[in-house]
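Okay, so the sequence shown: first residue is 1437 according to this note's numbering, each after it adds one.
In this text, a Cβ means the ideal position worked out from N, Cα and C, and glycines have one as well.
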Amino acid sequence: MDRTERFYKIELLIRGRECVSFATLLEALEVSPATLKRDLQYLRERMDAPIEYDALANGYRFGQQWRGQQHELPGVWFNEKELHALLTMHQLLSGLDENGILSRHLQPMFDKLTGMLGTDAAEAKEMTRRVKLISTARRRVASEYFETVGSAVVQRQKLRISYRKRGKGGGTVGSRVVSPQRLVHYRNTWYMDAWCHQSEGLRRFALDAMEAAELLDEKAKPVALKALESELDQGYGIFAGGQTQQARLVFSAEAAAWVSREEWHASQQSEWLADGRWQLVVPYVDATELLMDLLRHAGQVEVLAPPALRQAYAKRLREAAAQLDC
């Protein structure tokens, strides 16, 4: 029986019998006297449980104000394995949160979880250090916009944003009103999926391309989740919208050992070929990101279809080779 379960049992025994002796608690919990004393002290001092010792009855009962009433342990309770999992999750979120936005809001919960586990600050810090996220080429997000966008998504309110459309010369900045639908985290970068009232359609906006974000006092236009997924989640990677095409790729036996374990798209189709190579079919609507990933496997992957993708891949390889001093 772990510590949290003991706390529950102590509460249930006192509630059910009104007054419970130390010996009865020891027998029910199957712990040492020192452990039981620590549990009772923790419940009183940290959980504000109104447990009192009645010398006349030689037992423990709830205080006078709680007699005849039901006392409950405060908050949401977890066992120790669940608490360890939550602390690990906190560390994972911190790894995705270079600006400390999420961590700042979650820190009070983290402190409470540490207290519930009975772990001091140094031990909790050491435990979370055992989980590490490594990422490269991480794009930075302005914290004030992340919080504003997050509030708009949760509160279902419209946003007015100034957005830099990337292109040659740094792109152009335009203003538009959007109805945020969800936040998307992809490859260490945050995006907002929203209904754009200017273009009258669903669009995906990178938060690091926002120049400003203002929360409006207007309800956002609701979009069904199925419609959102159908419009924005069908293509390869983060690019969305447009006609879906199927890329047919064949990886060498050497590369197949790695690629066969990867998921390039939720709707991908794959199979082993007789010669040990790996064939992968993935949907895409924009070749930009797919070409970038194919170049990681240059010399180890053949693009079979469609012809336009095969030609674009060959062009990239020729351009790359031309940069070398041969």
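- For R1600, the uninterrupted beta strand (DSSP E) run begins and ends at Q1593 to K1601, by DSSP.
- CA-CA distance, D1644 to Y1622, rounds to 13 Å.
- It is roughly 11 Å from the alpha-carbon of L1652 to the alpha-carbon of Q1591.
- As summarised for the stretch 1676 to 1747, the continuous alpha helix (DSSP H) elements at least 4 residues long and confined to that stretch are 1689 to 1695 and 1723 to 1731, given in chain order.
- Secondary structure of G1610 (DSSP, three-state): strand.
- Cβ-Cβ distances below 7 Å link S1457 to N1494 and G1495 in the same chain, with the five nearest sequence neighbours on each side left out; the list follows chain order.
- In this model, E1466 and K1445 are separated by some 11 Å (Cα to Cα).
- In the DSSP assignment, the residues bridged to M1628 are L1619 and F1641.
- Between the stretch 1702 to 1721 and the stretch 1750 to 1762, the count of C-beta pairs closer than 8 Å stays below three; the two stretches do not touch.
- Around the Cβ of D1629, a 10 Å sphere holds 16 or more other Cβ atoms; the residue is buried.
- In the structure shown, the three-state DSSP call for Y1489 is strand.
- For K1473, the enclosing alpha helix (DSSP H) starts and ends at P1469 to E1481.
- Using a Cβ-Cβ distance cut-off of 8 Å, the stretch 1713 to 1731 and the stretch 1680 to 1688 are in contact, since at least three pairs of beta carbons, one from each stretch, lie closer than that value.
- Beta-bridge partners assigned by DSSP to R1497: E1488.
- E1466 sits in coil when the DSSP states are folded into three classes, being neither helix nor strand.
- Within the model, the alpha-carbon separation for V1739 versus K1594 is close to 43 Å.
- Per the coordinates, the alpha-carbon of F1675 lies some 8 Å from the alpha-carbon of L1668.
- Closest by C-alpha distance to Q1679, out of S1598, P1719, E1454 and L1731, is P1719.
- DSSP places L1652 within a strand segment (E or B) once states are collapsed to three.
- By the neighbour-count definition (other C-beta atoms within 10 Å, threshold 16), S1611 is an exposed residue.
- Taken atom to atom, the span from the alpha-carbon of A1648 to that of E1665 is near 27 Å.
- G1637 sits exposed, since fewer than 16 C-beta atoms from the chains shown fall within 10 Å of its C-beta.
- Assigned with DSSP and collapsed to three states, E1454 falls in coil, not helix or strand.
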